[in-house]
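A.B. asks: Using full-length UniProt numbering, you'd call the opening residue of the sequence shown number 1 and step up by one each time. Glycine included, each C-beta is placed from N, C-alpha and C at the ideal position. As the structure is a prediction and not an experimental result, all values here were calculated from the model. Here's a structure for you.
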Amino acid sequence: MSLQSLPQGSLFVWPDHWQVIGRLYPNRPHRHISASWLVGLDGPFRLEVDGQWRESRAAIVAPDVVQALDPGSTRMWCAQLDPDCPLWLNLRSGLQHRTSSDITLNPDHLPALTSPDCNEAAQALVRAVQALGFPATALDPRVMQVCEALRRDMPERVDVAALAGLVGLSASRLSHLFREQVGVPLRRFLLHLKINRVLAGWEPGRSMSELATEAGFYDQPHLVRTARNMFDALPSDYVSGGRFSVCRCGLASP
1 MSLQSLPQGS
11 LFVWPDHWQV
21 IGRLYPNRPH
31 RHISASWLVG
41 LDGPFRLEVD
51 GQWRESRAAI
61 VAPDVVQALD
71 PGSTRMWCAQ
81 LDPDCPLWLN
91 LRSGLQHRTS
101 SDITLNPDHL
111 PALTSPDCNE
121 AAQALVRAVQ
131 ALGFPATALD
141 PRVMQVCEAL
151 RRDMPERVDV
161 AALAGLVGLS
171 ASRLSHLFRE
181 QVGVPLRRFL
191 LHLKINRVLA
201 GWEPGRSMSE
211 LATEAGFYDQ
221 PHLVRTARNM
231 FDALPSDYVS
241 GGRFSVCRCG
251 LASP
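Structure, rendered in structure tokens:
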């Protein structure tokens, strides 16, 4: 099945990012904790960042920035990249200290999937990022250690003092350094990891209440409010009724 013959689209999930390829609904202003990779596969789309609309064919948006999307008639290739994701660390210098930036992609680097396959989607994104040639950046090793600890332990809430002790910093210094390096506060980064856990575990028939408990949210309303704030949508808005196929095999990759 070619990309053109897919009825709506596909969602591909990895531990540190996810991709959507297909036809998206327009959405209202929302604030991802992740960074956004937005590409119109058939033509330009409209993007609102910090209250300003513009037309673009491809763009990147920094983490924690208010944005809205009007895809029009084009199919979209979107990726939500965790703030500590290596792909984002190889892209963020392209912002040149702005909240968003248009980018120019070689048509040869657009995904041409012959089937909803996560390996092909992953390789397409890696090739496109590498071809842009932005100088790679890195996180402070202490910040990366904190990110890894939060991913590993997934605590109910952030214990800043304990994390600071882990990396030999004061609580206030860690909070400042993390926000400066990652682009989001510690609490919001953990919230993002919890939403990713919901996305990884969501299947038709599973209740939001069950998912909220598994991911460490206070309750179902807390999960719903968070998802609406981050995406202006719930996972069920795209996956229910077979609108999007979901591939989670990337979660099993090393």
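DSSP three-state label for ILE103, please.
C.D. replies: Reduced to three states, the DSSP call for ILE103 is coil.
A.B. asks: Is DSSP giving MET1 helix, strand or coil here?
C.D. replies: In this prediction, MET1 has a pLDDT of 36, which is less than 50 and means its spatial position is unreliable; what the coordinates show is noted afterwards. Three-state result, MET1: coil.
A.B. asks: Spatial neighbours of ARG95 within its chain, please: C-beta separation below 8 Å, excluding the five flanking residues on both sides.
C.D. replies: The question names Arg, but residue 95 is Leu in the sequence shown. Closer than 8 Å at the Cβ level, and outside the excluded window around LEU95, lie ILE60, ALA62 and SER101.
A.B. asks: With burial defined as no fewer than 16 other Cβ atoms inside 10 Å of the residue's Cβ, what is the status of SER172: buried or exposed?
C.D. replies: The residue is exposed, with fewer than 16 neighbouring Cβ atoms inside 10 Å.
A.B. asks: Label HIS17 either buried or exposed according to how many other C-beta atoms from any shown protein chain fall within 10 Å of its C-beta, with 16 as the threshold for buried.
C.D. replies: With 16 or more other Cβ atoms within 10 Å, it is buried.
A.B. asks: Give the DSSP bridge partners of ALA58, in chain order.
C.D. replies: VAL39.
A.B. asks: From GLN80 to TRP37, what distance separates their C-alpha atoms?
C.D. replies: C-alpha separation (whole angstroms): 6 Å.
A.B. asks: Residues in the same chain with beta-carbon distance under 7 Å from PRO15, minus the five sequence neighbours each way, listed in chain order, please.
C.D. replies: Excluding positions up to five away in sequence, the list reads LEU251.
A.B. asks: Quick one: what does DSSP say MET76 is sitting in, helix, strand or coil?
C.D. replies: The answer is strand: DSSP assigns MET76 an E or B state.
A.B. asks: To the nearest angstrom, how far is it from the Cα of THR74 to the Cα of LEU163?
C.D. replies: Approximately 44 Å between the Cα atoms of the pair.
A.B. asks: Could you tell me the distance, in whole angstroms, from the CA atom of MET76 to the CA atom of ASP82?
C.D. replies: If you take the alpha carbons of MET76 and ASP82, they lie about 19 Å apart.
A.B. asks: What is the C-beta distance between VAL65 and VAL49, in whole angstroms, given that I count them as a contact (C-beta under 8 Å)?
C.D. replies: Confirmed, Cβ separation roughly 6 Å.
A.B. asks: According to DSSP, which residues form a beta bridge with GLY22?
C.D. replies: Paired residues: GLY9 and MET76.
A.B. asks: Compare the C-beta of LEU91 against all C-beta atoms of chain B and say whether one is closer than 8 Å.
C.D. replies: The structure shown contains no chain B; it is built from a single protein chain.
A.B. asks: Measuring alpha carbon to alpha carbon, tell me which residue in ARG188, ARG248, CYS249 and GLU214 is nearest ASN229.
C.D. replies: Looking at the Cα atoms, ARG188 is the closest of the given residues.
A.B. asks: What residue range does the beta strand (DSSP E) around GLU120 cover?
C.D. replies: Segment 118 to 132 is the alpha helix (DSSP H) holding GLU120; no beta strand (DSSP E) there.
A.B. asks: Can you give me the C-alpha to C-alpha distance between ALA136 and ARG127, rounded to a whole angstrom?
C.D. replies: About 14 Å.
A.B. asks: Counting along the chain, where does the beta strand (DSSP E) carrying GLN67 start and finish?
C.D. replies: From DSSP, the beta strand (DSSP E) with GLN67 extends over 66 to 70.
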